[in-house]
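**Student:**
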Amino acid sequence: MMATIIRIANLTKRFGEFIAVDHLNLEVGEGEILGLLGPNGAGKTTTLLMLTTVIKPSEGTAFIGPYDVTQEPDKARTLIGMAFQEPKLLWVDAPWDILNWHAKICGLSAEERKKRVRWVLEELELWNDRLKSVHTFSGGMRKRVEIAKILIQRPKIAIVDEPTAQIDIVGKHRIWNMIRDLRNEGSTILLATNELYEADVLSHRVAIMHKGKLLVCDEPKKLKDNIPGGDVIEITLERDILNETFEKVKKIPRVVNALAIKQNQLKIYLNQAEEVLPKITEFFMKEQLPVRSIRMSEPSLDDVFAHYTGLTIEEAQKE
Amino acid sequence: MISLRKIWTVAERDIRMFLRYKFLLIMRAIWFVSQISLFGLVVNTMFTTKVQNAVGGSYFNYYAAGIIITMLYSTAVFIGYDIYEEADHGVIEYLLSVPVSRKELVLGRSIGGGLRSFMYVGPMMLFVLYLLGVSSFLQLLLALLSLFLFTFGVAGFSITLAVSIKSSDRFDILMGVTDALIVRLSTTLYPIAFMPQYYAGIASFNPLTFAADLFRWGAGMESTALTPPLLSAFGIIAFFSIFTFLGIFLHERRLEGGGWQ
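Protein sequence lines correspond, in order, to chains A and B.
Per the numbering used here, the first sequence runs over residues 1 to 319.
Per the numbering used here, the second sequence runs over residues 1 to 261.
Below is the structure:
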């Protein structure tokens, strides 16, 4: 059992009438990578900003190690480092200056600073551009500069908000490996993301948020195993499906739930798919809805999200 | 417990940032040269001996010393514009997340904002001191120490306004109006003796008056038109203390609330 290093108790943030984070309760163990998963607007970033003491909670609190963020914010910040969702850079800044200053304010010695800044800039392929001002950089390059901050700082608790947004697939894998290394060197990682695969491959546990509330928190495998209807069939039809036909699908024996991903595409959650599949195809034949393709899969975190919200993460994002 | 190392690291960042605004620095230097070599010289010829004597012998010298103080003021307030630039790019959130207390952050920014102004105006100040001729180095040293505090106070004043207003447009307009009033209702350009009584009352308590007259005293100018140096020094200390305190107080309460426009 890991010791708790972050304890969030009834954490709430209101902006006028709007509740961005609603009585959130969560614990993060030391050395853990906890994925905070949810669509944009779920309250992930607001939660992280309260943990880093950038904004004050309206109600409740959080403990960073032994420090209450509302009572001892200065001490709480000594344990935390954050890589923001949007890179926090001024157009006149150069990566070398930004990272050196960050390392300095975090208390790294001159020698260590030089070594770490160089290593991270080389790893993130920014070394040759270290003296250029960031206004010449692409979105991905700026994002890498932002991530570099915590890789240099190596804080006790590293908070990363959508670390690989705008980064190509090779870069994503490199950053994921660096986050794992950071954790292996002793950091606890709180990772906010709306990328399901990222949360799945990196996190020991995943906490799913929607509309400011925590829906569930557990290991990715357990979350997936716990969905009633452990098998998933994705069916694409030649034509759009009518609502009443869709409702009939839900009533087929052993079908636990069904979701319309598109007008002609369904995701059906069921038990013992091999036995039920012929009945489903027969049903569509009867309804004169020709099936274009059928795909069977294991449940993903998207399915977990859909199970708790009735929406895919894309639909929730649109909402 | 406040860490001097952290305060200096924050100040160092602001100094470095300022030096990146090369266009601004060049333009301000051109402004200074034109004020001295065009306006100062021409206006000087307009005044009678009586006026020249009332300002210590030469209006040009009086004006040149005043212009240095307006330069110190206008470059020290620039920290407020930096805060808006940072709010615009989200850098304020980053600064609030680093392991530095809010007090260290504001003190560092006030010192950085003041120090960079002093460093930038330094060569122009030396030029003016060369023109004026320095009679007592001790006097000059005391005046310069007070001017250090003055620039920190102006930076604190600018931070206070920036975090109170939270709207770059309003801040811009307010600073334009403040600049017009604070400079013109001071002794940077003309002595109190020539002002109408109701202007003189305000000018007597203006930090720019304290700074301008103290600088003139430090450079060895002798005139009854100058505010007594002890009063000026106390005035500057009070200005510095009030706005540094207000800056810290408001920084802690206003910055974390967001709502920048």
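Note that beta-carbon positions come from the ideal geometry of N, C-alpha and C, so glycine has one too.
Remember, predicted model here, so these are calculated numbers, not experimental data.
#1: At 4 residues or longer, and completely inside the region 210–264 of chain A: list those alpha helix (DSSP H) runs for me, N to C.
#2: Just checking: is the beta-carbon of residue 106 of chain B within a distance shorter than 7 Å of some beta-carbon in chain A?
#3: Exposed or buried, what is residue 197 of chain A when buried is set at 16 or more other beta-carbons lying within 10 Å of its beta-carbon?
#4: Is there a C-beta anywhere in chain A that falls below 7 Å from the one on residue 81 of chain B?
#5: Given a limit of 9 Å on CB to CB distance, which residues of the region 6–17 of chain B reach chain A?
#6: Is the closest heavy atom of the ligand SAH to the C-beta of residue 114 of chain A under 6 Å?
#7: Using a Cβ-Cβ distance cut-off of 7 Å, determine whether residue 105 of chain A contacts chain B.
#8: Taking residue 91 of chain B as the query, report the chain A residues whose CB atoms sit under 8 Å from its CB, ordered along the chain.
#9: How is residue 47 of chain A classed by DSSP in three states: helix, strand or coil?
#10: Against residue 206 of chain A, what residues of chain B qualify as contacts under a CB-to-CB distance less than 9 Å, listed in chain order?
#11: Specify the secondary structure class of residue 160 of chain B as computed by DSSP and reduced to three states.
#12: Where does residue 89 of chain B fall in DSSP's three states?
#13: Output, in sequence order along the chain, the residues in the region 203–217 of chain B whose CB is closer than 7 Å to any CB in chain A.
#14: Which first and last residues belong to the beta strand (DSSP E) in which residue 37 of chain A is found?
#15: Output the distance between the C-alpha atoms of residue 110 of chain B and residue 245 of chain B, rounded to the nearest integer angstrom.
#16: For the beta strand (DSSP E) that contains residue 161 of chain A, what are its first and last residues?
#17: Against residue 163 of chain B, what residues of chain A qualify as contacts under a CB-to-CB distance less than 7 Å, listed in chain order?
#18: Give a yes or no on whether the minimum CB-CB distance between residue 82 of chain A and chain B is below 7 Å.
#19: Tell me which same chain residues have a C-beta within less than 6 Å of the C-beta of residue 132 of chain B, skipping the five on either side of it?
#20: Does the beta-carbon of residue 48 of chain B have 16 or more other beta-carbons within 10 angstroms, so that it is buried, or is it exposed?
#21: Taking 7 Å as the CB-CB cut-off, is residue 239 of chain A touching chain B?
#22: Mind listing which residues of the region 92–103 of chain B have their C-beta closer than 7 Å to chain A's C-betas, in chain order?
#23: How long is the line joining the alpha carbons of residue 291 of chain A and residue 44 of chain A, rounded to whole angstroms?
#24: Any idea what DSSP makes of residue 101 of chain B, helix, strand or coil?
#25: Apart from the five residues just before and just after residue 69 of chain B, which ones in its own chain have a Cβ nearer than 7 Å to its Cβ?
#26: Is the CB-CB distance between residue 64 of chain A and residue 80 of chain A below 7 Å?
#27: Enumerate, from N- to C-terminal direction, the unbroken alpha helix (DSSP H) stretches of 4 or more residues contained entirely within the region 53–104 of chain A.
**Tutor:** Walking through what the data contain:
#1: 220–225, 243–250
#2: no
#3: exposed
#4: no
#5: 6, 9, 10, 12, 13, 16, 17
#6: The model depicted lacks the ligand SAH and carries no ligand whatsoever.
#7: yes
#8: 88, 89, 90
#9: helix
#10: Near residue 206 of chain A there are no residues of chain B at all, since even the closest Cβ is about 24 Å away, more than 9 Å.
#11: helix
#12: coil
#13: none
#14: 33–37
#15: 11 Å
#16: 157–161
#17: Within 7 Å Cβ-Cβ: nothing; residue 163 of chain B doesn't reach chain A, min ~15 Å.
#18: yes
#19: 61, 219
#20: exposed
#21: no
#22: 93, 94, 96, 97, 98, 99, 100, 101
#23: 39 Å
#24: coil
#25: 188, 208, 211, 212, 215
#26: yes
#27: 73–77
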